[in-house]
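Visitor:
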Amino acid sequence: MKGYLLRRLAYLVPVLVGISLLAFGLGRLAPGDPARDVIARTTGHQPTHREVLAERHRLGLDRGPAVQYLSWVGHAVRGDLGISYTSGEPVARAIGDTLPLTLELAAAAFLLSLLLGVPLGLLAAARSWSWVDHAVRTVALVGASVPGFWVAYLLILAFSVHLHVFPPFGTGGLSHLVLPAVTLALFDVALLARLTRAAVLETLGEDHVRTARAKGLAERRVLVMHALRPALIPLVTWSGMSFGYLLGYSVVVETVFAWPGLGYTAVLAIQARDYPFIQAFALVMAVVFVGLNLAVDLLYPHIDPRTSFSSAQSSADEG
Amino acid sequence: MAASRRFRPVVLILLAATVAVAPSASGARAAAGAQTLVVASTADGYYENPKLPSIGKYPTNANIFETLVRMTPNYAVVPDLATRWQFIPPNTWRFHLRRGVRFQNGARFDANAVKYTMGLLAASGSGAYIGIDKKAAIRSIDPYTVDITPSFPNRRLLEQLVHPENSIVAPGSTPNHPVGTGPFKFVSYRRNREIVVQRWDRYWGPKPRLQRITFKFVPDANARALALESGAVEAAFDIPRESAATVASHRGLRIARSPVGAYEALYFDIRGASGFDLGQDAAIRQAVELGIDRSVIVKDVWRGNASVIQTMIPPSILGPYAGLVHGFAYNPGQAGRILDEDGWKLGGDGIRVKNGRRLSLTLVVGFPNADIHGAMPEAVQAMLRQVGIDLKIVKAPDENTYSSTLSAGQGDLFAEVGNQNDANPCFLPDLLFYFKGTSHGDYGYRFGPGGAFDQVIESKCRTGVSEAAAKQGAAQAMRILVDEQRIVVPVAGVFRIYGLSTKVKGFQPNPSQTNQSWLTVWLAK
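Protein chains in written order, with our numbering: chain B, 1 to 319; chain G, 1001 to 1525.
(1) What residues from the region 252-267 of chain B come within 8 Å of chain G, judged by C-beta to C-beta, listed N to C?
(2) Measuring only between beta-carbons, confirm whether residue 250 (chain B) sits less than 8 Å from chain G.
(3) Looking at residue 1365 (chain G): is its Cβ nearer than 8 Å to the Cβ of residue 1492 (chain G)?
(4) For the region 1383-1401 of chain G against the region 1052-1067 of chain G, do three or more pairs of beta-carbon atoms, one drawn from each stretch, fall closer than 8 Å, so that the two count as touching?
(5) For residue 187 (chain B), would you say it is in contact with chain G, using Cβ-to-Cβ distances shorter than 8 Å as the test?
(6) In the structure shown, what three-state DSSP assignment does residue 1127 (chain G) receive?
(7) Just to confirm my understanding: we take residue 1150 (chain G), look at its own chain, exclude 5 residues before and 5 after, and list those with CB closer than 7 Å. What are they?
(8) Suppose contacts are defined by Cβ-Cβ distances below 8 Å. Is residue 1281 (chain G) in contact with residue 1342 (chain G) by that definition?
(9) Please report the Cβ distance between residue 1180 (chain G) and residue 1169 (chain G), rounded to the nearest whole angstrom; I am assuming they are in contact, meaning their Cβ atoms lie under 8 Å.
(10) With a Cβ-Cβ cutoff of 8 Å, do residue 43 (chain B) and residue 1416 (chain G) count as a contact?
(11) Could you check the C-alpha separation between residue 1037 (chain G) and residue 1233 (chain G) for me, to the nearest Å?
(12) If I measure Cβ to Cβ from residue 257 (chain B) and keep anything under 7 Å in the same chain, skipping five residues before and after, which residues do I get?
(13) Check the Cβ of residue 1222 (chain G) against every Cβ in chain B and list those closer than 7 Å, keeping chain order.
(14) DSSP three-state label for residue 1255 (chain G), please.
(15) Does DSSP put residue 1360 (chain G) in a helix, a strand or coil?
(16) Compare the C-beta of residue 170 (chain B) with all C-beta atoms of chain G and state if any pair is closer than 8 Å.
(17) For residue 1100 (chain G), which residues in the same chain have their Cβ closer than 8 Å to its Cβ, ignoring the five residues on either side in sequence?
(18) Just to confirm before moving on: does the CB-CB distance between residue 1253 (chain G) and residue 1500 (chain G) stay below 8 Å?
(19) Do we get a CB-CB distance below 8 Å when we pair residue 45 (chain B) with the residues of chain G?
(20) Going by the beta-carbon positions, is the gap between residue 1425 (chain G) and residue 1317 (chain G) smaller than 8 Å?
(21) Please return the same chain residues whose Cβ sits closer than 8 Å to the Cβ of residue 1212 (chain G), not counting the five positions on each side in sequence.
(22) Taking residue 1056 (chain G) as the reference, give the member of G:1109, G:1192, G:1078 and G:1260 with the closest Cα.
(23) By the 10 Å Cβ neighbour count, where 16 or more other Cβ atoms means buried, how is residue 154 (chain B) classified, buried or exposed?
(24) For residue 1448 (chain G), I'd like the list of residues in its chain whose CB is within less than 7 Å of its CB, leaving aside the five on either flank, ordered along the chain.
(25) Please check the pair residue 1519 (chain G) and residue 1208 (chain G), which I expect to be a contact at CB under 8 Å, by giving their CB distance rounded to whole angstroms.
(26) What did DSSP end up calling residue 233 (chain B) once you bin it into helix, strand or coil?
(27) Looking at residue 1388 (chain G): is its Cβ nearer than 8 Å to the Cβ of residue 1339 (chain G)?
(28) For residue 1160 (chain G), which residues of its own chain have a beta-carbon under 6 Å away from its beta-carbon, when the five flanking residues on both sides are left out?
(29) Buried or exposed, going by whether 16 or more other CB atoms sit within 10 Å of the CB of residue 1312 (chain G)?
(30) Label residue 1480 (chain G) either buried or exposed according to how many other C-beta atoms from any shown protein chain fall within 10 Å of its C-beta, with 16 as the threshold for buried.
(31) Establish whether the CB of residue 1371 (chain G) and some CB of chain B are separated by less than 8 Å.
(32) Which residue marks the beginning of the beta strand (DSSP E) containing residue 1419 (chain G), and which one marks its end?
(33) Cβ of residue 1218 (chain G) less than 8 Å from any chain B Cβ?
(34) What does the Cβ neighbour count give for residue 1152 (chain G), buried or exposed, with the cut at 16 atoms within 10 Å?
(35) Going by beta carbon distance, what residues of the same chain come within less than 6 Å of residue 1420 (chain G), once the five residues before and after it are set aside?
(36) For residue 203 (chain B), which of helix, strand or coil comes out of DSSP?
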């Protein structure tokens, strides 16, 4: 396992190099000039072309792309991710302040989606084609279809404006987390319920489930231990990816709920062509995604003893 | 029945959890004191400038700082930290400073503080625009008299100094601990969350009645309106115009509209290259003006929270000179006749054609963002089609893309919503339309007529000493842009909309949000 872990971590290096090149190149291909934005922010007026040129020189943007990239990499490996064009603060500090908030939000939404999505899917599979199944599938369809910002407004209207139960925006405690987490989780709950239903329905038709029922086991035990457990492999795979996507989808939720996380800050940075922040953001997200995938791979042998790290390695090599 | 019994504990647990995590808002507010105001502000736009403390200053003005002179809601310049001033030819402004003023750290406000602040403005580059750079001369005549000589002839300095960016900063003030002379002193700041200020008890002027103000940064406009309706805040900036009526109808809430301080306008690129060169045709520019029914846009797009204006400059700045700009009225028939005479004949699809070229214009929308313009582009598109002009709409995803498109000249018309944040009548025409010395990427190059317009800017705006001369110059400049050259199509003068709890008293809405004062505000029981 140790060797497997080291190999996977070694893969991270080319991934990060590739991501950094992509983030560096794509950021600069986007139309616009961060120098203009920095002047407008610091002076409160639209700059002249001459002022923009001077600011580009100050920011080092008038140097060749290769020089800029290597300079940034050189500083980044020493932990200096530069100064944000948007806020003027060190990028490392900005990410350190915002990433935990986004992780907190995504984790809460992830937990909610597991707690609601899996039981709902299981229930629908156990009562397939009954009204319960139809109800769950309808709710899932609606949950997957409605836009997140609209759900957010509805939740604020219901629970903040009318019921005064939860605060409408901001951070501060568990109460502030509820509405954004529910909004973010809704899409995932819907998908997880449908995925669980499909996976469990497939295993319910297999021989080992029929054998378990023939042995006279209680239906609940058959469902959970014999149908759900084999279905966990695709669920865990999807969940790993889902957590990463939750981080990405958090942008809309963070904006509406004024949740000052990494997603919201990244959108501001993209709009302002804040190259240092965009590049650092891409690297952080790459590390998070790779880390999640690694965690999922490490979970497989615990769910299904037939899988091992050597087989995981060979399948990874084939892939 | 059995199923409902099974679920009952789960429901009870969920209810208990809900109650446990729900905040006791009233309790928290009561503990903080009665005169505690929470404001839902727009997005956090503070820039952490190590050379010039700016947190609490711009764009969200937390009233920590003050300027030498300030601007009233009607754009008049009145004393603030300077009690009087005079212009000393050829290019010096002498300010007589207010005595007995203390910074919030206890230090005395005097000419040295003004010198210190001007030094920061010069070092940071923020003052270059108004001539406060390393070549500017700042001299203390005595502890309460200071002379400011900008680096270039700048007769508009007085009106420019009202901008909060030019606030007087206490020596030793840092970005993380801003110190000024304002009625409220800094307590805390958390990026993208809030800035908190509290009453400065040794304030030189009338004492503020509010004990504490918390500005919460809520970037989404609808969320700000909902926060106000929920009671989480007592005031909110920039309520969406489509929500204003709903907020006003909510019990315990009201809407405060400022005088016109912002504008929506279309600018013609008059130096566009091939493919975007129709703006060079004066007949087309005039036809577009006459083909747009601005009263419909004010009523339906801006939901009545705007007015039809003839200039981009807020009418209250121009005062009696506003009448110099005649503007235009909706007249699609005349627009059609002008195009006919210019050789643009109606084609089979209802769009005019001349020498095989269709009369098709590209409108670029994106400043400060495309959303703020609402359905204006589509409304203009439908109106211009009635006179045989095809309008292609390009909505830029962000301001940077818009600026880039403008610099590259990839449009015939550009739509902007802008603000007037200082008292300089010439601010907008000088900044956006002065042609001399501009490059391809500048506004002046794209939209500036040059010639007589530049002469007015130079002779009245830049060198005219009196405020009246500048107002007259600004009006003459706008007359050239709107009436004569028809480069600018003013669409609407826009009010700023503040949402308030009815408990909030003494609030005087400022058309420039960044100049909003909270000194007179208090909360009724």
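Built from N, CA and C at the ideal position, the CB exists for glycine as well.
Guide: Reading off the structure:
(1) 255, 256, 257, 258, 260, 264 and 265
(2) no
(3) no
(4) no
(5) no
(6) coil
(7) 1091, 1130, 1131, 1132, 1136 and 1157
(8) yes
(9) 6 Å
(10) no
(11) 8 Å
(12) 152, 169, 179 and 180
(13) 153
(14) strand
(15) strand
(16) yes
(17) 1204
(18) yes
(19) yes
(20) yes
(21) 1032, 1033, 1035, 1036, 1037, 1187, 1196, 1197, 1198 and 1199
(22) G:1192
(23) exposed
(24) 1433, 1434, 1435 and 1438
(25) 5 Å
(26) helix
(27) yes
(28) 1130, 1422 and 1424
(29) buried
(30) buried
(31) no
(32) 1413-1419
(33) yes
(34) exposed
(35) 1261 and 1314
(36) helix
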